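S.K.:
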Amino acid sequence: MKKNVIFLLPAFLSLSLFAKTTLSEAQNPVFGLFAKTLKGGKVNPVIESKFKQQYGNLVNVSWSIIDDLSDVHITIATFTVDGVESEVYYYDDGEIFGVGKSIKRDLLPENVVKSLNARFRSGVIQTAYEFKERSSSTRYYVRLVTPRHTMIVSANEFGDTKVYQKEKLKHIFE
Amino acid sequence: MKKNVIFLLMAFATLNLTARTPAGGPDPGPAIFAKAPTGEKVSPLIEAKFKKQYGPIVNVSWKIINDISIATFTEQNTQRDVFYYNDGETFGFGKPIDKDELPKVVSESLNKRFSGATIQVVYEFKTTDSPTRYYARIIAGSHLVIASANEFGDITVSQRQKIK
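Protein chains in written order, with the working numbering: chain A, 8 to 181; chain B, 743 to 906.
Right, dumping it as structure tokens:
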């Protein structure tokens with residue numbers, strides 16, 4: 008399944024750097040973990056027209072295109088509606104892979120918070136990103152800090168948690 | 743997939759049951775796809791799982807429809823349902839919501855498909871392997887329609903009946 012290849016995308020896009028790397032900007036190092044930003048690539052007109060059809064001509068949108076090792080391209084439209092910045096992720100054929108947005112940690116569903124608290128008792132959620140996908144339940148990606156580690160974790164409302172990245176914190180006195 | 747068999751369950755069980763059926767008579771909804779057995783007991787495994795998740799104090803009522811056990815309880819003044827498979831695995835969560843709470847994509851999609859129609863009641867259903875779906879009971883002209891839409895605006899019409 009093509010989606011598996013880029014499953015981690017939204018987490019790294021939004022939690023690590025809040026990327027919004029445009030085509031003209033330097034390569035985002037976050038993508039380097041799993042994917043690379045295409046430079047000089049143009050947005051597929053099919054995708055652009057699909058976006059306009061869905062969100063209207065007047066929406067101010069910025070585009071990013073990334074691919075991964077298996078050459079699956081994902082085009083990301085970033086735009087703001089009602090003061091909320093959102094992303095729509097498209098496959099090359101114009102099909103929507105998912106939609107995502109950063110959310111306040113207070114808005115995480117109760118079950119998600121419970122699952123995260125159960126697994127990471129001493130963890131503090133720093134940022135959260137909601138990602139809705141066509142073929143699965145909504146997942147919430149969070150950047151979580153424990154006394155020793157910082158990590159990127161996702162959870163759904165059914166208690167399923169996944170850890171994607173775990174880094175040891177460097178303390179000043181070490 | 744076992745879930746396909748009962749995918750419509752919650753729509754009919756809840757949209758009709760909680761729909762404030764005007765007739766006030768017995769609810770015909772579940773009878774369309776499933777029968778609610780009388781006297782059947784909820785599996786202790788499922789009951790234990792529920793208590794573990796929501797605590798032993800929660801006042802819960804149970805229904806079993808087509809091997810799916812449904813726990814209905816009230817949390818923070820909101821009615822909630824949890825749907826369990828026989829093995830205790832959670833099939834999904836659902837709750838009636840106000841039609842004003844529908845995500846924009848969903849309400850736009852429903853309005854486009856059923857223009858001029860009136861949405862009577864809405865039920866939000868979350869399941870593990872698909873996007874959240876919103877089931878709506880809609881009066882469209884001379885028809886009563888039960889339709890659902892997901893957060894990507896994909897609509898499925900589950901039932902369409904002429905209003906007598």
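We put the beta carbon where it would ideally sit given N, CA and C, even for glycine.
These figures come from a predicted structure and were not determined experimentally.
Quick one: complete beta strand (DSSP E) runs, 3+ long, within the segment 815-839 of chain B?
M.R.: 820-826 and 832-839
S.K.: Taking Cβ positions only, does Thr-870(B) come closer than 7 Å to chain A?
M.R.: Position 128 of the second sequence, counted from the first residue, corresponds to residue 870(B). Yes, Thr-870(B) lies at the interface with chain A (some Cβ there is under 7 Å from its Cβ).
S.K.: Got a sec? Which residues, its chain only, sit under 7 Å from Glu-137(A) by beta carbon, not counting five neighbours each side?
M.R.: Here the question's residue 137(A) lines up with position 130 in the first sequence. Closer than 7 Å at the Cβ level, and outside the excluded window around Glu-137(A), lie Gly-107, Lys-108, Ile-110, Thr-145 and Tyr-147.
S.K.: When you compare the CB positions of Thr-85(A) and Glu-94(A), do they come within less than 7 Å of one another, or not?
M.R.: Position 78 of the first sequence, counted from the start, is the residue given in the question as residue 85(A). Position 87 of the first sequence, counted from the start, is the residue given in the question as residue 94(A). Yes, these two residues count as a Cβ contact at 7 Å.
S.K.: Using a Cβ cut-off of 8 Å, pull out every chain B residue sitting near Glu-140(A), in sequence order please.
M.R.: Against the first sequence, residue 140(A) aligns to sequence position 133. The answer, in chain order, is Pro-873.
S.K.: Evaluate contact between the segment 847-856 of chain B and the segment 865-872 of chain B, counting only Cβ atoms and requiring at least three cross-stretch pairs below 8 Å.
M.R.: no
S.K.: Classify Glu-55(A) as helix, strand or coil using the three-state DSSP reduction.
M.R.: Translated into the one-based positions of the first sequence, residue 55(A) becomes position 48. Helix at Glu-55(A).
S.K.: Would Ile-72(A) be called buried (16 or more neighbouring beta carbons within 10 Å of its own) or exposed?
M.R.: As a position in the first sequence, residue 72(A) is number 65, starting the count at 1. Ile-72(A) should be labelled buried.
S.K.: By the criterion of Cβ-Cβ separation under 7 Å, what are the contact partners of Phe-165(A) in chain B?
M.R.: Sequence index remark: in the first sequence, residue 165(A) carries index 158 (1-based). In chain order: Thr-832 and Thr-870.
S.K.: Using a C-beta to C-beta distance shorter than 9 Å, which residues of chain B count as neighbours of Ser-143(A)?
M.R.: The count along the first sequence starts at 1 and reaches residue 143(A) at position 136. Under the 9 Å cutoff, chain B gives Thr-870, Asp-871, Ser-872 and Pro-873.
S.K.: Using CA coordinates, which residue listed in Gln-818(B), Arg-822(B) and Leu-886(B) is at the minimum distance from Phe-792(B)?
M.R.: Here residue 792(B) refers to the residue found at position 50 of the second sequence. That would be Arg-822(B), whose Cα lies nearest to the Cα of Phe-792(B).
S.K.: Using DSSP with H/G/I as helix, E/B as strand and the rest coil, what is Phe-14(A)?
M.R.: Position 7 of the first sequence, counted from the start, is the residue given in the question as residue 14(A). Because the pLDDT at Phe-14(A) is just 47, under 50, the model does not fix this residue reliably, and the value given afterwards should be weighed accordingly. The answer is coil: DSSP assigns Phe-14(A) none of H, G, I, E or B.
S.K.: Could you say which of Arg-141(A), Tyr-97(A), Ala-162(A) and Ser-129(A) lies nearest to Arg-155(A) if we only look at CA atoms?
M.R.: Within the first sequence, numbered from 1, the residue matching residue 155(A) stands at position 148. It is Ser-129(A).
S.K.: Just the C-alpha distance for Gly-166(A) and Val-119(A), rounded to the nearest angstrom, thanks.
M.R.: Within the first sequence, the letter at position 159 stands for residue 166(A). Within the first sequence, the letter at position 112 stands for residue 119(A). Taking the straight line joining both Cα atoms gives about 7 Å.
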